Amino acid sequence: MAAATATNAAGDLARMIPSGIDVDRPLSAAGAIGHALEANAVASVGPDAQLTRLHRVFYPVFRVEYRYSDSSTLPWGDQTDHGVTLLDGLWTDNHAALQQYRSGTDSLETVSLDYYDFGRDEPGLGRTVLLDFQVPTQRARQLLPERVEDVAESRAFGDPESITASFADQLRETFGLPDDLDLESFEGVADVTRLYLPFWVCEVYRPDERDLIGVVRGLEDARTDDASHGWLSAFLREDKSRLARYAHTSIREAIDQSGSADRDADGDGTAGGAGETGNERSSDEQQPDDATARGDGKRSDDGDATGDGGADERNAGGRRTDRDEPVQPEDAELEAKTLVDPSPDRCFGDVGGMVELERTLRRSVIGPVRRPDEFREYGLDPVSGVLLHGPPGCGKTHVAGALAGELDYAFLEVTPADLSSKYMGKPAENVQDVFAIAEANAPCVLFLDEIDAIASAREEQSSTSERGMVNQLLTELEDVGDDVLVLAATNLLDDVDDAIVRTGRFDEQIEVPPPDEPARREILRIHLEERPLADGLEFDPVVARTAGYAASDLEYIATDAARRALREDDRIGTEHLLAAADEVDSSVPDWAGSALGDGKTITQPDGVELSARSLVTPSVDRDFDDVGGMDALKDRLHETVIDPFENADQYAKYGLGTAGGILLYGPPGCGKTHVTGALAGELDVAFLEVSPAELTSKWMGKPAQNVADLFEIARQNAPCLVFLDEIDAIAGARGGHGSGGASQRQMVNQLLTELESLGDADEDVVVVAATNRPGDVDDAVLRSGRFDERIEVAPPDAAARKAILQVHLADRPVADDCDWETIVERTSGYAASDLALLADNAARRAMHDGDQVRERHLLDAVAETTPSLERAGEPAGVTATADRTDSWYR
């Protein structure tokens, strides 16, 4: 008899819980919150602390919009303003504490409660508790006007001004009224909306003190000791029976009925499953006349969501009502328990960064799934499938599982190995079994990983069995039910059969790129969580160093840094992370569209074979301050490139633009490449550096195509500086015969065409070329309109050599008494690259001596360094004359 009563109570509960409610924000999944709370509980209250209870609580709130006259408005304008206050739906005077949540109630989200655990199977307090409104909406509508009227009456009855002012201040504080609201200008209530504020309420057991009740709203709260929700902790700690006492009417009735049944059977008065006492309503509590869910599937006039939770329909249809074990269809040979996670314990809060991806999934997937009626009203059906594409290791599988946790769906993950078989026809049967398992465990997210291997283009498949598997997959995708959401993932989108990716099967195709800067920071933080971290740990250097890395690369870096710190018996610091990063290259170096640097991205144009990732640097980490000497050259570049670029409008008034192109010529090693990179840094534009080896090819016509691709990449990544190194090898004087000569002429012709088009339209692409043989460059390339500016980069003079040496020794310990004049004199004829090598050699000698870099170390390095500009038969140290430098160009 007791069991039957409890079963009836569970059925009543399933019927009376509203099917949906309005909330101001979604709540993180239980697994993610529990994990974060346990970690924080240990840190906050000691190693013996244990998380003993965790409830998702929906707290009822009235959102009251009121009108008042705004005296600051101009006389001819609209003098009516609107304000918002939140009223405690439990009517327990928590009004003031609720005002901190007002801004989040401007836009509400309707969430389905069909699949939350309210104690349906074992009546009592389940994982989720829906607290009940304790007064009708009309009472909430009257409260603020009555309080304002009380202040007015106080003034009318001649109460002292101090008392009236005290009443007014208390009213402002309680209801969060704006400072410009004169209570005499209050015009009334415009609208009242019922909504719920979601919280996670946890109980932490401590052996030496009373239990701690904590309240959080999201993962950030759970990871910190945020006291902003302390009012609810205090409210529940004061009387621990309040969760059960204020629970939704149907929950209380189920608890009471279950408690009565237990008393009949066992003779005790404990409410079954609640784990609390004092579940009876006190006699002085008012029973609201509109607060009870009516169970008719409709909304009441006050806007509170009521209706059938749909559990009975799921039971009738053979669907599972618990989330403990996967359901195994009778005819399926594949085992559900090896494929299905009934309750994924992760959500978007566990996904590091990827804000745009999360926003897209909420808009395109979660919204239609949670609010199907609203979307169908506009003729929009929920998406039938989502295809995630992107480089390997960037989190496609993790995101799919988080989406299942966010929806509170079961998660069924399938790989090619689960479906393939050596027996004829078996792969198609396996596909059929997978979809049968998904239907049996609905609502469910079915995730097909590496779909390019499961459903590659049929014309490329070698066997009838493989083609049959694709055909069966097409059939299943056509017939899949609304409560099975199919996700697929690939990093080879072009290899997937066209029929699979057409509209109606995978309506949404979403890229999952390598993580951007915020995502990398969050991924590192997540993987370092609960590990011993140094107090001065800084993520910024590591985040900058790992631009373009996959999420899996970052996970490895975090793990490797932990191993390094363990070997040193130290806490994990920035140096450990940087050392780990230096040992790991990106696993996705050539992926197009990867977010890099400080939010800048590299775009790979469609149809272009050259790799943008290998050519483009989105942010150059040097500028003119890192260029030693060369003051005249830097001034010239500032005048001809930087100033026109930064003040384009002013130059346009006079019909002037940036230079069509800059040709730097001079001996090798004198800094042409270095100063060009610094110019890109000064302009803060992308830097595209290309050498002849990257453009030439043995195939006829390919070099010209490479040049076209190069400039298309530059346009797609503008603003951009293109640097053509050794242009004499790229655009040598046209002549010669044979296929090689013809291909070379085509490449030069294409370069001329691209340079002309840049001059016509794309002034946000600057072209700089370099050569140490200007006489070998085709004359048509050098004419005005293509390279308007030709600037010599000569060997550094004395002042430049001193500046270059000081730049290269700037971050090294250098003795104060170093005689720079002697060093500079001995390095006459040295190129900039020679001076960089000299600085390294001197620093190495000083390190071996355990001393600062001194004059003797520099002179010893000079003695062992041969100037690269020294001509055969000339001694080192000869001053470079004009005749000497000219010899480089003949």
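Going letter by letter, the sequence shown gives residues 1 to 890 in UniProt numbering.
Just so you know, even glycine gets a beta-carbon here, dropped at the ideal spot from N, CA and C.
Since the model is a prediction, treat every value here as computed from it, not as a measurement.
R531 versus A39 - alpha carbon distance: Near 11 angstroms, if we compare the C-alpha coordinates of A39 and R531.
Residue interval of the alpha helix (DSSP H) (run including Q705): Its alpha helix (DSSP H) spans residues 702-716.
Would you be able to state if there are at least three C-beta pairs under 8 angstroms between the region 480-497 and the region 389-397? A contact exists between the region 389-397 and the region 480-497.
Three-way DSSP call (helix, strand, coil) for F435 in this model: Three-state DSSP puts F435 in a helix.
How many Å lie between I17 and L113 at the Cα? Between I17 and L113, the C-alpha separation is close to 8 angstroms.
Go through the region 192-243 residue by residue and report every complete run of the beta strand (DSSP E) that reaches 3 residues or more, in order. Scanning the region 192-243 for uninterrupted beta strand (DSSP E) segments of 3 residues or longer gives 212-216, listed from N- to C-terminal end.
Provide the residue(s) that pair with D22 in DSSP beta bridges, ordered along the chain. When DSSP reads this structure, D22 sits in a beta bridge with T110.
My guess is that T673 and I727 are in contact by the Cβ rule of under 8 angstroms, so how many angstroms apart are they, rounded? Between the beta-carbon of T673 and that of I727 there is about 12 angstroms, and that puts the pair past the 8 angstroms contact cut.
I'd like the ranges of any alpha helix (DSSP H) spanning at least 4 consecutive residues and lying wholly in the region 538-600. Here the runs fully enclosed are 540-545, 551-567, 574-582.
Could you name the residues of the same chain whose beta carbon sits closer than 6 angstroms to that of D560, not counting the 5 residues immediately before and after it, in chain order? Cβ neighbours of D560 beyond the five flanking positions: A580.
Give, in chain order, every unbroken run of the beta strand (DSSP E) that is at least 3 residues long and sits entirely within the region 793-851. Correct list: empty.
Between the Cα of D606 and those of Q650, A648, D709, L578, spot the shortest distance and give me the residue it belongs to. Considering only alpha carbons, the answer is D709.
Have a look at C347 and G218 and give me their C-alpha separation to the nearest angstrom. Near 11 angstroms, if we compare the C-alpha coordinates of G218 and C347.
Assuming L339 contacts A244 under a Cβ cut-off of 8 angstroms, what Cβ separation, rounded to an integer in Å, is found between them? Actually they are not in contact, since the Cβ atoms of L339 and A244 sit about 38 angstroms apart, beyond 8 angstroms.
Delimiting residues of the beta strand (DSSP E) encompassing D88: First-last of the beta strand (DSSP E) with D88: 80-88.
Determine, using beta carbons only, whether L679 and I791 come nearer to each other than 8 angstroms. With a cutoff of 8 angstroms on beta-carbon distance, L679 and I791 are scored as not near each other.
Determine contact between the region 127-142 and the region 53-62, defined as no fewer than three beta-carbon pairs at a distance below 8 angstroms. These segments touch.
Put F624 into one of helix, strand or coil per three-state DSSP. Looking at F624 - three-state DSSP - the assignment turns out to be helix.
Return the Cβ separation of R783 and G661 in integer angstroms, given the expectation that the two are a contact with Cβ distance under 8 angstroms. Going by Cβ atoms, the distance from R783 to G661 rounds to 11 angstroms, so no, they are not a contact pair.
As assigned by DSSP and simplified to three states, the class of T128: The answer is strand: DSSP assigns T128 an E or B state.
Identity of the residue in T676, D626, V414, R237 nearest A800 by Cα: Residue D626 is the option with its Cα nearest to A800.
In angstroms, rounded to a whole number, what distance separates the CA positions of G20 and E406? Their Cα atoms are separated by approximately 16 angstroms.
Just confirm the distance between the C-beta atoms of E109 and V216, as a whole number of angstroms; I'd bet it's less than 8 angstroms. At roughly 19 angstroms, the Cβ-Cβ gap does not stay under 8 angstroms, so E109 and V216 are not in contact.
Suppose the cutoff is 6 angstroms on Cβ atoms and the five residues either side in sequence are ignored; what does the same chain contact list for L493 look like? Correct list, in chain order: H389.
Once DSSP output is grouped into helix, strand and coil, what is the label at T338? Here T338 sits in helix by DSSP.
Reduced DSSP secondary structure (H/G/I, E/B, other) of V365: Of the three classes helix, strand and coil, the one that applies to V365 here is helix, per DSSP.
What whole-angstrom Cβ distance do A729 and P692 have, given they're in contact under 8 angstroms? Indeed they touch by this definition, with Cβ atoms about 4 angstroms apart.
Please report the distance separating the alpha-carbon of Q509 from that of L419. Rounded to whole angstroms, Q509 and L419 show a C-alpha spacing of 23 angstroms.
Could you check if S107 is buried or exposed, using at least 16 other CB atoms within 10 Å of its CB as the buried criterion? Flag for S107 reads exposed.
Alpha carbon to alpha carbon, how far is F711 from L688? Straight-line Cα distance between these residues: approximately 10 angstroms.
Would a C-beta distance cut-off of 8 angstroms place L171 and V151 closer than the cut-off? Cβ atoms of L171 and V151: closer than 8 angstroms.
For V386 versus P368, is the C-beta spacing smaller than 8 angstroms? No. Outside cutoff.
For S69, the first and last residue of its enclosing alpha helix (DSSP H): No alpha helix (DSSP H) contains S69, which is instead part of the beta strand (DSSP E) from 50-69.
Is the beta carbon of R56 less than 8 angstroms from the beta carbon of L27? For R56 and L27, yes; Cβs fall inside 8 angstroms.
Under the DSSP definition of a beta bridge, which residues are partnered with A488? Note: A488 is bridge-paired with L387, L448 in the DSSP secondary-structure output.
Of the choices R505, D495, E466, R467, whose alpha-carbon is the least far from that of V480? For the residues R505, D495, E466, R467, the minimum Cα distance to V480 belongs to R505.
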